[in-house]
Each structure stands twice: as C-alpha cells, then as structure tokens.
Amino acid sequence: MPTAVSSPLVRSLLIYAGWFILPNSVTNIVFICFIRLRIKINPSYRPPVRGTPQAAILYRYCYASVMIAYLLITTIHTFASMPLNFYEILNVDPSADDHTLKVAFRQFARKNHPDRVGPAGEPLFIAVRDAYESLNDPVKRFAYDRFGSDAMTWRDCATPREYIKHGLLASSGYYIGTIGLLMLWSIFGIGNTGAYLYMSISIAIARVVPILFPSPTQTSSELLEMAKPLIDKLASLAMTTDQEVLRMLSMEFRSMHGSSAVPPFSPDSFALSPFTPSEEIVQALTNEMENLIIDKQLQTKPALRSQWEGVMERLRQQKQTRSASPIDGRTAPSVTSRGSPFPLDTLTKEEDEEADMLNRRAIPLSTG
1 MPTAVSSPLV
11 RSLLIYAGWF
21 ILPNSVTNIV
31 FICFIRLRIK
41 INPSYRPPVR
51 GTPQAAILYR
61 YCYASVMIAY
71 LLITTIHTFA
81 SMPLNFYEIL
91 NVDPSADDHT
101 LKVAFRQFAR
111 KNHPDRVGPA
121 GEPLFIAVRD
131 AYESLNDPVK
141 RFAYDRFGSD
151 AMTWRDCATP
161 REYIKHGLLA
171 SSGYYIGTIG
181 LLMLWSIFGI
191 GNTGAYLYMS
201 ISIAIARVVP
211 ILFPSPTQTS
221 SELLEMAKPL
231 IDKLASLAMT
241 TDQEVLRMLS
251 MEFRSMHGSS
261 AVPPFSPDSF
271 ALSPFTPSEE
281 IVQALTNEME
291 NLIIDKQLQT
301 KPALRSQWEG
311 VMERLRQQKQ
321 TRSASPIDGR
331 TAPSVTSRGS
341 PFPLDTLTKE
351 EDEEADMLNR
361 RAIPLSTG
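FYI, in the UniProt record's numbering the residues of the sequence shown are 1 to 368.
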C-alpha cells in the first residue's frame with residue numbers, strides 16, 4: 001500500500017518547500033566546506049572575511065551552484081518517476097489504429113511471452129496485455145486519453161458520458177485543492193502558476209539571478225537626475241513640433257488670402273489674433289460644399305441620379321438640335337438666364353431651372 005510520501009502531490013509540495021528552505025542553509029554549509037577544502041589543498045590560502053566584496057562573490061557562486069544542483073536533481077527525479085503510458089508500453093503512436101495495435105501486441109507476445117522468457121517476464125506481459133485490451137476498446141481508449149490509467153479502474157462506467165461524469169467528479173477535488181493552494185501562495189507573495197517544469201525553472205531563475213547579478217540601489221533623486229535629460233529632450237521636441245504646425249497653418253491661411261509675405265510669428269501671437277476669412281473664400285467654400293452635397297446625393301440615391309442623367313441627356317439633345325438649325329432674323333438675342341448657356345426664348349421655365357442647377361455645379365459628376 002503506498003504511503004503518504006509516495007503521493008505525487010505530497011512529493012511536489014515537499015520539492016516546492018525545498019526551494020524556500022534548503023538554499024540558504026545548504027549554501028552556508030557548502031560555503032564553509034569549500035573554504036576548509038581550499039585551505040586543506042592550499043595552506044597559504046587566506047579565506048575572505050565575511051562582509052567583504054570577495055566573500056559576497058564567493059557566497060553567490062556557492063548559492064548558484066546549490067540552486068542549479070537542486071534544479072537538476074528535481075528535474076531528473078520527476079522524469080524518472082513518470083510511469084510509461086500504454087502507448088509507450090506498446091511502442092506505438094497515440095494516433096495508431098486497431099490494426100497497428102494488434103500488430104504491435106503480437107510482436108511483443110511473440111518475443112516476451114512467459115512461456116518463452118519464464119516467470120520473470122510475467123509482470124511485463126500482463127502490463128502490455130492490459131494496455132492492449134484497454135486501447136483496443138474504443139470507450140476505454142476514449143477514457144484513457146482523457147483521464148489516464150485511473151479510468152481503467154472505474155468499473156461502473158460503460159459509456160463515454162459516464163466516464164466524463166465520473167472523471168470530472170474525481171478530478172474536481174484535485175483541481176479545487178490546487179487552485180486553493182495557488183491562491184493561498186499568491187496571497188503570501190510566493191505563488192506562481194504553470195506546469196511543474198516551468199515553475200521549477202522560474203523559481204530557480206528568480207532565486208539565482210538576484211544573487212549573481214544584484215541590482216545597484218538608487219535613490220529617487222538619482223533616478224530623477226537620470227531622467228531629466230530625457231524629459232528636457234521630449235519637451236523640446238514637443239515645442240518644436242507645435243511651432244512647426246502653427247507655422248504651416250499660418251502659411252496656408254495667408255496663401256488662401258493671396259498674401260505671399262509671411263511675417264515672423266509666435267504661438268502667442270497666433271493664438272491671440274483670430275482668423276477672419278474674406279467673403280471670397282467663404283463663398284468659394286460654400287460653393288464647394290454645395291457641390292459635394294449634390295455629388296453625395298447622386299451617389300446614394302439612385303432615383304435622383306436617374307433623373308439627373310435624364311435632364312443631362314435632354315439638354316444635350318436640345319443643344320445639338322439648336323446648333324444644327326439655322327438662325328433667322330426673328331430669333332431673339334442670345335440672352336441667358338442666370339448664366340445659362342442656352343437662349344432665354346428657347347427654354348421653358350422648368351428647363352431654365354434645370355439648366356441653372358447644372359451651371360451651379362463647379363465639379364464634374366462623380367461616377368463612384
């Protein structure tokens with residue numbers, strides 16, 4: 001019957017506790033033994049006095065050696081204590097089908113049957129046979145792939161649903177206990193999550209690196225002095241960028257007014273002098289905005305676009321008809337209405353309004 005120490009959870013807890021208990025005590029022993037051994041080998045050797053930089057460096061080397069040795073021991077012990085799974089026992093891939101499993105078991109039985117190798121090979125043969133029987137059953141293989149070898153002892157389960165229900169109930173205690181332990185460790189500032197190997201390496205690095213490479217202690221005034229040049233440089237770049245943006249805006253506004261001379265200015269003078277555009281600029285912007293609105297309406301409303309194209313086509317045909325017909329003496333002079341290019345006496349009121357709307361558009365019709 002396995003003892004409490006043989007439990008994987010207990011062994012893991014003991015190993016984790018060793019990371020916080022053993023390093024300091026074992027390092028002191030190694031430090032003293034190293035000095036004594038060095039004196040025995042070289043009697044003229046003078047050991048460093050505690051508190052000196054030489055003693056601190058030697059202690060760091062001893063501490064790092066202890067941590068690395070403990071890491072190697074725990075890693076090797078973990079890999080060595082892991083039992084082989086059924087796939088490794090049969091020497092097949094986890095994705096192997098039934099035919100591959102049957103061939104692998106027959107090859108093993110042909111060489112390692114107890115009748116051939118004797119009673120000494122009976123435990124191994126029984127383990128391989130149990131692995132083959134478990135993997136050859138689809139339901140048991142489903143349970144084994146998800147819950148491990150413990151699922152083979154659940155005699156009251158016959159369907160995948162029952163295996164999943166039993167497995168969740170059996171595993172809930174372990175996961176709840178593990179989560180509670182990790183939360184407890186996190187409260188005390190010693191917790192970490194992840195797999196065992198990553199946790200071991202993380203703890204080793206966290207304990208070794210600060211000892212080997214101690215960070216120099218700096219006061220807040222020293223840190224402020226170090227950051228002051230960077231802060232000044234950042235402030236200078238921000239001020240330069242601000243002035244450049246204001247200069248470009250001033251040039252744009254003056255070019256819109258037709259003034260080529262750009263007198264020097266400062267951000268204060270630019271901010272205190274409000275910009276008042278001329279009437280011509282306001283009228284030009286208004287016309288452009290109206291044209292953009294018309295284009296947008298034509299793009300988003302198919303009915304309005306079809307009417308627009310119909311008006312354009314009708315006016316184009318009327319213009320072609322007038323250009324082809326001779327002009328007699330009774331034709332009225334070519335007086336246009338509101339800037340329209342068509343004679344006033346040849347257009348109806350509706351056509352005159354349509355022509356005026358066409359003439360107001362300063363940009364071509366967008367086809368997008």
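Note that the Cβ used here is the ideal one computed from N, Cα and C, for glycine as well.
Exercise for review: Mind reading off the beta-carbon distance from residue 174 to residue 86? Whole number of angstroms is fine, and I expect it under 8 Å.
Suggested key: A Cβ-Cβ distance of about 21 Å is found for the pair residue 174 and residue 86, leaving them out of contact under the 8 Å criterion.
Review point. Are residue 305 and residue 298 touching if we call contact CB-CB under 7 Å?
Key: yes
**Study point:** Contact belief for residue 92 with residue 108 at Cβ below 8 Å, rounded distance in angstroms
**Key:** The pair is not a contact, with the Cβ atoms about 10 Å apart (cut-off 8 Å).
Practice item. Tell me, please, whether the segment 110 to 121 touches the segment 166 to 182 by the rule of three or more beta-carbon pairs shorter than 8 Å. Key: no
**Study point:** Simplified DSSP assignment, three categories, for residue 157
**Key:** coil
Exercise for review: Kindly give me the distance between the Cβ atoms of residue 136 and residue 101, rounded to whole angstroms, as I take these residues to be in contact under 8 Å.
Suggested key: 6 Å
Review point. Should the segment 55 to 74 be called in touch with the segment 9 to 24, which here means at least 3 C-beta pairs below 8 Å?
Key: yes
**Study point:** Inter-residue CB distance, residue 103 and residue 66 (contact presumed, cutoff 8 Å)
**Key:** Actually they do not touch by this definition, with Cβ atoms about 50 Å apart.
Point to revise | Separation of residue 62 from residue 116, as counted between CA atoms | key: 54 Å
Check your understanding: In terms of residues, what are the limits of the alpha helix (DSSP H) holding residue 116?
Key -> 114 to 117
Exercise for review: Grab the span of the alpha helix (DSSP H) containing residue 74 for me, first residue to last.
Suggested key: 53 to 81
Review point. What does a CB cutoff of less than 6 Å around residue 14 pick up in its chain, not counting 5 residues either side in sequence?
Key: none
Review point. Where does the unbroken alpha helix (DSSP H) through residue 84 begin, and where does it stop?
Key: Where residue 84 is concerned, there is no enclosing alpha helix (DSSP H), given that its DSSP letter is neither H nor E.
**Study point:** Unbroken stretches of the alpha helix (DSSP H), 4 residues or longer, contained in the segment 113 to 152
**Key:** Restricted to the segment 113 to 152, the alpha helix (DSSP H) segments that are unbroken, complete and at least 4 residues in length are 114 to 117, 122 to 136, 138 to 147, listed in chain order.
**Study point:** CB contact flag (residue 31, residue 59, <7 Å)
**Key:** yes
**Study point:** Rounded straight-line distance, which links the Cα of residue 184 to that of residue 120
**Key:** 48 Å
Check your understanding: What do you get for residue 90, buried or exposed, if any count of 16 or more other CB atoms within 10 angstroms of its CB means buried?
Key -> buried
Check your understanding: What first and last residue would you give for the alpha helix (DSSP H) that runs through residue 314?
Key -> 302 to 324
**Study point:** Assigned exposure category for residue 40 - 16 Cβ within 10 Å defines buried
**Key:** exposed
Review point. Whose C-alpha, out of 225, 151, 226, is nearest the C-alpha of residue 130?
Key: 151
Review point. Can the beta-carbon of residue 54 be found closer than 7 Å to that of residue 48?
Key: yes
Check your understanding: If we ignore side chains and look at the alpha-carbon of each, how far apart do residue 246 and residue 223 end up?
Key -> 35 Å
**Study point:** Distance between residue 317 and residue 323 (C-alpha atoms, nearest Å)
**Key:** Near 10 Å, if we compare the C-alpha coordinates of residue 317 and residue 323.
**Study point:** Backbone CA spacing between residue 78 and residue 64 [nearest angstrom]
**Key:** 21 Å
Check your understanding: Based on Cα-Cα distance, which residue from 43, 34, 75, 286 lies nearest to residue 12?
Key -> 75
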